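**Student:** These protein sequences, in sequence, are chains A and B. Counting from 1, one number per residue, gives the positions in the first sequence under UniProt numbering. Counting from 1, one number per residue, gives the positions in the second sequence under UniProt numbering. Have a look at this one.
Number of protein chains: 2
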Amino acid sequence: MQRRNNAMSKKLEQPTQTLKTPRGRRPNGNGLSSTTIMDVAREAGVSYATVSRVVNNKEYVKSDTRERVLKAITSLGYVVNQQARSLAGGRSYAVGLLVRDLGSSYMGEIVRGIDESLSAAQYNLMLYTTHRRKIKERIYVNNLIQGMTDGLLLVLPENLEAYLETLDQTNFPYVLIDHQGLDERTPVVITTNWQGGYDATRYLIELGHRRIGFLTGMMDMRSSQDRLSGYQAALRDHGLPADPQLVYEGTYYQPEGYAGAQSLLRLPEPPTAIFASNDVMAFGVMEAVRDAGLRIPSDISVIGFDDIAQASQVAPPLTTVAQPLEQLGREAVRMLLARINNPEQPIARTILPTTLIIRQSCDVPRNV
Amino acid sequence: MQRRNNAMSKKLEQPTQTLKTPRGRRPNGNGLSSTTIMDVAREAGVSYATVSRVVNNKEYVKSDTRERVLKAITSLGYVVNQQARSLAGGRSYAVGLLVRDLGSSYMGEIVRGIDESLSAAQYNLMLYTTHRRKIKERIYVNNLIQGMTDGLLLVLPENLEAYLETLDQTNFPYVLIDHQGLDERTPVVITTNWQGGYDATRYLIELGHRRIGFLTGMMDMRSSQDRLSGYQAALRDHGLPADPQLVYEGTYYQPEGYAGAQSLLRLPEPPTAIFASNDVMAFGVMEAVRDAGLRIPSDISVIGFDDIAQASQVAPPLTTVAQPLEQLGREAVRMLLARINNPEQPIARTILPTTLIIRQSCDVPRNV
DNA sequence: ATGAAAGCGCTAACAA
DNA sequence: TTGTTAGCGCTTTCAT
């Protein structure tokens, strides 16, 4: 090791009072000149490395030293400076969350799961909303992995191809939520969409329905395709024909539920039940049915998908396939933190079960 | 000026190859060893202070130097490290956003306004959701002002008393959204709730209604009180009695719209119109009215407040008082950034106008 | 107009 | 088990 300048000289040269504005640091903008690890060290009578050890729960600290440091921390109201910590090579204790939009209960519930788990782990959340502008996804992702966050959560990403490779190459931790990923090696948390579609359809068939209308979601989403396949499989398994006229292509928004139902009801041989690929469209269906002068469930049965909070509040309460949305968020965080804490962690795919929730919007068909 | 150690010696002593793991820094976790200001400086043949000047758009940089640096930045794909910047006394370029929940269109629209403005200003957003647990508000606020963010946005805070003083004392920039604040010196962005309540009521009166039911929001919120006052003032101004039986106390959730309407319709002398303090309750009202076998608007007129996206999508489309929610968010960001950029900025209160949106849920009363 | 250097608060390697 | 120190990448002052 070569000889370096003696750092001690710095301290010795220090005038008692700082006469000039110190270089670099501007005088903190807001008043609050926060307590640092140094203040704590002084208070506890230890070196500041020891304080760091205590703060980071490292081993090799005598328990009474730890005690003393902890006390100093409390009495001084010390809070670590995340930026410094992160700059020094530690964690940033923040994860990025990339979503399309926030106005729906669907997103609300997922985000609730995410931020509850995250705050339990003392992590911060950086939010990025793309508003469906695909370019933004890539820009955000590039910023995010630039040291700002320790990991990334992507809900229903639309432009994966543009950055998944970068993410994988740099081994940056991430988890997709409600998206199948590009292949089996992508870490994802998804639900049993096919089974949900199957279960709802079978339920209607078992009630006696023979003509069941189906409203799809956006068909470029794998989940939408799976729900449709589940519906078709249930029909097939019960020997019912798959009449393409009964399938209406929607995009998960309420007005399409209304329009879809209208279109199905105008069919020469209309369905006796309508299965909408999400609750929001089911609400549109309910309106259209009522506006057509029909009653739910006596004239027409309606079933949804998601089980958002509103589903139990409409009249009649909506029978639907519950997705464990909040759990989806919690599970994603669990997986992400596992990868952050251990980059060697093998990649997992978590599949959570959907559940048929029977309420009052379905009944046996009229003429049975 | 006292003589300091010659920093140049550092460089001269540097062995050609680093033989040991450098202290402090762990080898970056993920592969990506990002380009720094130093790399750019070397590439452009300037000192790294100059690069900093260029990046921060400071004056005193010859334009061809600037040119050269910019080119180096592009060719190297350099992105500033926010943590380092913030640690060195600059901005963190992040603002904190504290909300109750995210599942509603109300919040969705406000947040959209916020994050569009923020991303236009190259700011990041740290999200904190309280889920209505008041203790969390204070904890979050304390963390947030600890250097993590440059400012704070609070939507409908519930526990202001616990930290507003801290915020003011440290002169930390913040803006309240849709909340009146503790006094006139609190920076807020609000809407004309009283006027909105007045306008909607006057509209119904002018249609010929004499008995108008009113569903309040949570009465501990000033906005709810104002809407109610506006309603009462309109009645008074038009010589109508303020029958307390016609006022039902709700809490802004849909089931209370349903229950409230049921209760009003059961009155010996039921109203011919119902004014709900938000759209979500108005949807509940619409259901209850229909379930009572009445038609909208021929039997009963219904009017809401907020003008969330769904309001135009239900049948019949809901007449309502529009709040410029997205603009609320944009305006709050504008005010916040102004204060961040100039702490001397006088405190402003912004009041945005509500607008009556006439759709098809109101008509003249039956017996007129 | 540019460069030199201090130091923001912290983590982790190394020494003791 | 604890202390010492380098250095993370940057902003800003001072000197030139």
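Every residue gets a Cβ at the ideal spot worked out from N, C-alpha and C, and that includes glycine. Predicted model, so just to flag it, every value in this text is computed and none were measured.
Check each residue of the region 254 to 266 of chain B: if its Cβ is closer than 9 Å to any Cβ of chain A, include it; give the result in chain order.
**Tutor:** If the cut-off is 9 Å between Cβ atoms, the region 254 to 266 of chain B has Gln254, Pro255, Tyr258 near chain A.
**Student:** Residues of chain A with CB closer than 9 Å to the CB of B:Ala121, please, in chain order.
**Tutor:** Those do not exist, as B:Ala121 stays about 14 Å from chain A at its closest Cβ, beyond 9 Å.
**Student:** Counting only Cβ-Cβ distances shorter than 9 Å, please list the residues of the region 219 to 244 of chain A near chain B, keeping chain order.
**Tutor:** The region 219 to 244 of chain A vs chain B, Cβ under 9 Å: nothing.
**Student:** Might you give, ordered along the chain, the residues of its own chain that have their beta carbon closer than 6 Å to the beta carbon of A:Val189, omitting 5 neighbours on each side?
**Tutor:** Once the five neighbours on either side are set aside, the close Cβ partners of A:Val189 are Ile177, Leu328, Glu331, Ala332, Thr350.
**Student:** On a Cα-Cα basis, can you pick out the residue from B:Leu318, B:Ala292, B:Val247, B:Ser312 that is closest to B:Ile303?
**Tutor:** Per the Cα distances, B:Leu318.
**Student:** Alpha carbon to alpha carbon, how far is B:Met286 from A:Asn56?
**Tutor:** Near 56 Å, if we compare the C-alpha coordinates of A:Asn56 and B:Met286.
**Student:** Give the single residue among A:Trp194, A:Thr354, A:Arg132, A:Asp183 whose Cα lies nearest to the Cα of A:Asp226.
**Tutor:** Selected option, being the one with the closest Cα: A:Trp194.
**Student:** Would you call the CB atoms of B:Leu153 and B:Ile114 closer than 8 Å?
**Tutor:** Contact: yes.
**Student:** What do you reckon, are the CB atoms on A:Gly108 and B:Leu102 nearer than 8 Å?
**Tutor:** The answer is yes: Cβ separation under 8 Å.
**Student:** Residues of the region 99 to 113 of chain A in Cβ contact with chain B at a cutoff of 8 Å, in chain order, please.
**Tutor:** Cβ contacts with chain B: Asp101, Leu102, Gly103, Ser104, Ser105, Met107, Gly108, Glu109, Val111, Arg112.
**Student:** Shortest alpha-carbon distance to B:Gln82 belongs to which of A:Val79, A:Val280, A:Ser86?
**Tutor:** Residue A:Ser86 is the option with its Cα nearest to B:Gln82.
**Student:** At least one CB of chain A closer than 8 Å to the CB of B:Asn57: is that the case?
**Tutor:** Taking Cβ atoms only, chain A never reaches closer than 8 Å to B:Asn57, which makes this a no.
**Student:** I want to see whether chain B comes within less than 8 Å of residue 372 of chain A, judged by CB atoms only; does it?
**Tutor:** Beyond the ends of chain A as shown, which are 1 and 368, falls residue 372 of chain A; an answer cannot be given.
**Student:** Are the CB atoms of B:Phe283 and B:Val321 nearer to each other than 8 Å?
**Tutor:** Not in contact: B:Phe283 and B:Val321 (Cβ atoms no closer than 8 Å).
**Student:** Would you say the region 241 to 251 of chain A touches the region 207 to 226 of chain A, given that touching needs at least three Cβ pairs under 8 Å?
**Tutor:** Touching, yes.
**Student:** So, helix, strand or coil for B:Thr74, using DSSP?
**Tutor:** It is helical.
**Student:** Run the CB neighbour count on A:Ala311, radius 10 Å, all protein chains shown included, and call it buried at 16 or more, exposed below.
**Tutor:** A:Ala311 should be labelled buried.
**Student:** Can you tell me whether B:Leu336 is helix, strand or coil according to DSSP?
**Tutor:** Reduced to three states, the DSSP call for B:Leu336 is helix.
**Student:** When DSSP labels each residue in this structure, what does B:Arg349 get in the three-state scheme?
**Tutor:** B:Arg349: strand per DSSP, three-state reduction.
**Student:** If we ignore side chains and look at the alpha-carbon of each, how far apart do A:Arg112 and B:Arg133 end up?
**Tutor:** Each residue's alpha carbon lies about 13 Å from the other.
**Student:** Look up A:Val99 in the DSSP assignment and give the residues it is bridged to.
**Tutor:** Paired residue(s): A:Thr129.
**Student:** Alpha carbon to alpha carbon, how far is A:Ile274 from A:Ile358?
**Tutor:** Roughly 15 Å separates the two Cα atoms.
**Student:** Using the three-state DSSP reduction, which class does B:Val55 fall into: helix, strand or coil?
**Tutor:** Helix, per DSSP.
**Student:** At a CB distance below 8 Å, what residues from the region 57 to 83 of chain B approach chain A? Give them in sequence order.
**Tutor:** Under the 8 Å Cβ criterion, the region 57 to 83 of chain B contributes Val79, Asn81, Gln82, Gln83.
**Student:** In angstroms, rounded to a whole number, what distance separates the CA positions of B:Leu294 and B:Arg202?
**Tutor:** Answer to the nearest angstrom: the Cα atoms are 23 Å apart.
**Student:** Using the DSSP secondary-structure output, state which residues sit across from A:Leu152 in a beta bridge.
**Tutor:** Answer is A:Gly96, A:Tyr174, bridged to A:Leu152.
**Student:** Taking A:Arg290 as the reference, which of A:Asp306, A:His238, A:Pro268, A:Gly257 has the closest Cα?
**Tutor:** Closest by alpha carbon: A:Gly257.
**Student:** Taking the beta carbon of A:Gln323 as the centre, do at least 16 other beta carbons fall within 10 Å, making it buried, or is it exposed?
**Tutor:** Classification of A:Gln323: buried, given that the 10 Å Cβ count is 16 or more.
**Student:** So, is B:Asn342 buried or exposed, given that buried needs 16 or more other C-beta atoms within 10 angstroms?
**Tutor:** Classification of B:Asn342: exposed, given that the 10 Å Cβ count is below 16.
**Student:** For a cutoff of 8 Å on Cβ pairs, would you count A:Met126 as touching chain B?
**Tutor:** Yes, because at least one Cβ of chain B sits closer than 8 Å to the Cβ of A:Met126.
**Student:** Using a C-beta to C-beta distance shorter than 8 Å, which residues of chain A count as neighbours of B:Ser34?
**Tutor:** Chain A residues near B:Ser34: Gln146, Gly147.
**Student:** Establish whether the CB of B:Leu19 and some CB of chain A are separated by less than 8 Å.
**Tutor:** Confidence at B:Leu19 is low in this model, with a pLDDT of 34, below 50, so its placement is unreliable and the value that follows should be read with caution. False, the Cβ-Cβ gap to chain A never drops below 8 Å.
**Student:** When you compare the CB of B:Gln310 with every CB in chain A, is at least one pair closer than 8 Å?
**Tutor:** Closer than 8 Å to some Cβ of chain A, the Cβ of B:Gln310 qualifies, so yes.
**Student:** Between the beta-carbon of B:Tyr48 and the beta-carbon of B:Leu325, is there less than 8 Å?
**Tutor:** No, Cβ-Cβ distance for B:Tyr48 and B:Leu325 is not below 8 Å.
**Student:** Whose C-alpha, out of A:Ile296, A:Val51, A:Thr355, is nearest the C-alpha of A:Cys362?
**Tutor:** The shortest C-alpha separation from A:Cys362 is found at A:Ile296.
**Student:** Cβ of A:Ala315 less than 8 Å from any chain B Cβ?
**Tutor:** Yes, its Cβ sits closer than 8 Å to a Cβ of chain B.
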